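Trainee: Numbers 1 to 248, taken from the working numbering, label the letters of the sequence shown in order.
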Amino acid sequence: MAKISVQLYSVKDYTGKDMVSALEQIAKAGYEGVEFAGYGGLGAEDMKHHLDRVGLVASGSHVSIQLLREALQDVIAYNKTIQNPYIICPGAPAVAREEYEALHREFLAIGEKIHKAGMKFGYHNHHKEFVSFDGRYGMDILLDGGNLVYEVDTYWTEYAGIDTLAYLKKIGKKCELVHLKDMVVDQNKNKSSCTYGEGILNNRGIIDTALVHCDPAWFVIEWEAFNTMDSMEAVTKSCKNLKALLGR
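(1) Nearest by alpha-carbon distance to asparagine 203: which of Leu180, Asp153, Trp223 is it?
(2) Please classify leucine 177: does DSSP put it in a helix, a strand, or coil?
(3) According to the neighbour-count rule (16 or more other Cβ atoms, all chains shown, within 10 Å of its Cβ), is lysine 189 buried or exposed?
(4) Take methionine 1 as the anchor and find which of Leu165, Ile221, Pro85, Pro216 has the nearest alpha-carbon.
(5) For asparagine 147, which of Leu23, Val184, Val131, Leu108 has the nearest alpha-carbon?
(6) Quick check on the DSSP output: the beta strand (DSSP E) that includes histidine 151 runs from which residue to which?
(7) Relative to the alpha-carbon of alanine 94, which residue among Val6, Ile65, Ile88 has its alpha-carbon at the smallest distance?
(8) Would you report the Cα separation of valine 152 and alanine 210, rounded to the nearest angstrom?
(9) Comparing C-alpha positions only, which one of Cys214, His62, Lys48 sits nearest to leucine 56?
(10) Return the CA-CA distance between tyrosine 14 and glycine 38, expressed in angstroms with no decimal places.
(11) What does glutamate 35 pair with, by DSSP beta-bridge criteria?
(12) Checking 8 Å against the spacing of the C-beta atoms, do lysine 237 and glycine 30 come in under that value?
(13) If you reduce the DSSP assignment to three classes, tell me which class lysine 120 lands in.
(14) Give, in chain order, every unbroken run of the beta strand (DSSP E) that is at least 3 residues long and sits entirely within the segment 187-235.
(15) For isoleucine 200, count the other beta carbons within 10 Å of its own beta carbon; 16 or more makes it buried, fewer makes it exposed. Which is it?
(16) Residues in its own chain within less than 8 Å of proline 85 by CB, not counting five upstream and five downstream?
(17) In whole angstroms, what separates the C-alpha of leucine 51 from that of lysine 174?
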């Protein structure tokens, strides 16, 4: 059964001030894990100590393509110490098919090194990766073969106009992480994110489809409706709403 994590970028105003306090509050909110987007200046051993102390585990780390290129061994060493199973590239500058293919070759090499260190490497989509090249999405070119895994952001698949349920069925168990973020649409048809469970997405269908066809290790809440409410309050509500859907 998938566990529940939160992408810490959602509470960047908290982690930027005091990572340790933020971890404590995330644990109290009911999360089992955290997905990192930076480490708040903490060394790996200190980070592992505080995770253990508050009862959280690392579910993943978002690491920029630049850092993966320039400091991969440091990234691997840090994440091994905190016992993080997934290193995820959160986005990359590809537009043309040739750029996606070049990134794919690079991802295979990066992924092999991460795999040898006992972890998995994957990619987190936004909407732009769903450009189609002769019937193949850029996302699927990036993650073809090897030990590469999908972290499907279901907000962005919906934003791109993709049938999220069909896509989850298609990629199946290569999708080991699922990002959950809800959507609202204003009177001008502009799409934006909101607290999970309070928008228009078919959250029940997404959850059930992922559980049956993907069997993900983690559902990862993400919240980016900054300046609409307190971020810690938003991810706390999001966790509660997800647990209700899961019957927990």
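Just so you know, even glycine gets a beta-carbon here, dropped at the ideal spot from N, CA and C.
Fair warning: this is a prediction, and the values are worked out from it, not measured in the lab.
Mentor: Looking at the atomic coordinates:
(1) Along the sequence shown, one-based indexing puts residue 203 at 203. Of all alpha-carbon atoms in Leu180, Asp153, Trp223, the one lying nearest the alpha-carbon of asparagine 203 is that of Leu180.
(2) Working through the sequence shown from its first residue, we reach residue 177 at position 177. Leucine 177: strand per DSSP, three-state reduction.
(3) As a first step, residue 189 must be located in the sequence shown, where it is residue number 189. Exposed.
(4) Residue 1 sits at position 1 when you count from the first residue of the sequence shown. For the residues Leu165, Ile221, Pro85, Pro216, the minimum Cα distance to methionine 1 belongs to Pro216.
(5) Sequence index remark: in the sequence shown, residue 147 carries index 147 (1-based). For the residues Leu23, Val184, Val131, Leu108, the minimum Cα distance to asparagine 147 belongs to Leu108.
(6) For the purposes of this step, residue 151 is taken as the residue at position 151 of the sequence shown. It is worth fixing the name first, because residue 151 is glutamate in this sequence and not histidine. Going by DSSP, glutamate 151 is part of the beta strand (DSSP E) stretching over 148-153.
(7) Here residue 94 is taken as the residue at index 94 of the sequence shown, counted from 1. That would be Ile65, whose Cα lies nearest to the Cα of alanine 94.
(8) Residue numbering aside, residue 152 sits at position 152 when the sequence shown is read from its first letter. Residue numbering aside, residue 210 sits at position 210 when the sequence shown is read from its first letter. About 10 Å.
(9) Here residue 56 refers to the residue found at position 56 of the sequence shown. Comparing Cα-Cα distances from leucine 56 to each of Cys214, His62, Lys48, the minimum goes to Lys48.
(10) To locate residue 14, count along the sequence shown from 1; it is residue 14. To locate residue 38, count along the sequence shown from 1; it is residue 38. When rounded, the distance between both Cα atoms is 13 Å.
(11) Along the sequence shown, read from residue 1 onward, the residue named residue 35 stands at position 35. Its beta-bridge partners are Gln7, Gly60.
(12) As a position in the sequence shown, residue 237 is number 237, starting the count at 1. As a position in the sequence shown, residue 30 is number 30, starting the count at 1. Contact: no.
(13) For the purposes of this step, residue 120 is identified with residue 120 of the sequence shown, where counting begins at 1. Strand.
(14) Whole beta strand (DSSP E) segments, 3+ residues: 191-194, 218-221.
(15) Here residue 200 corresponds to residue number 200 of the sequence shown, with the count starting at 1. Answer is exposed; the Cβ neighbour count stays below 16.
(16) Position 85 of the sequence shown holds residue 85. Ala58, Ser59, Gly60, Met119, Lys120, Ala217.
(17) For the purposes of this step, residue 51 is taken as the residue at position 51 of the sequence shown. For the purposes of this step, residue 174 is taken as the residue at position 174 of the sequence shown. Their backbone Cα atoms lie some 27 Å apart in a straight line.
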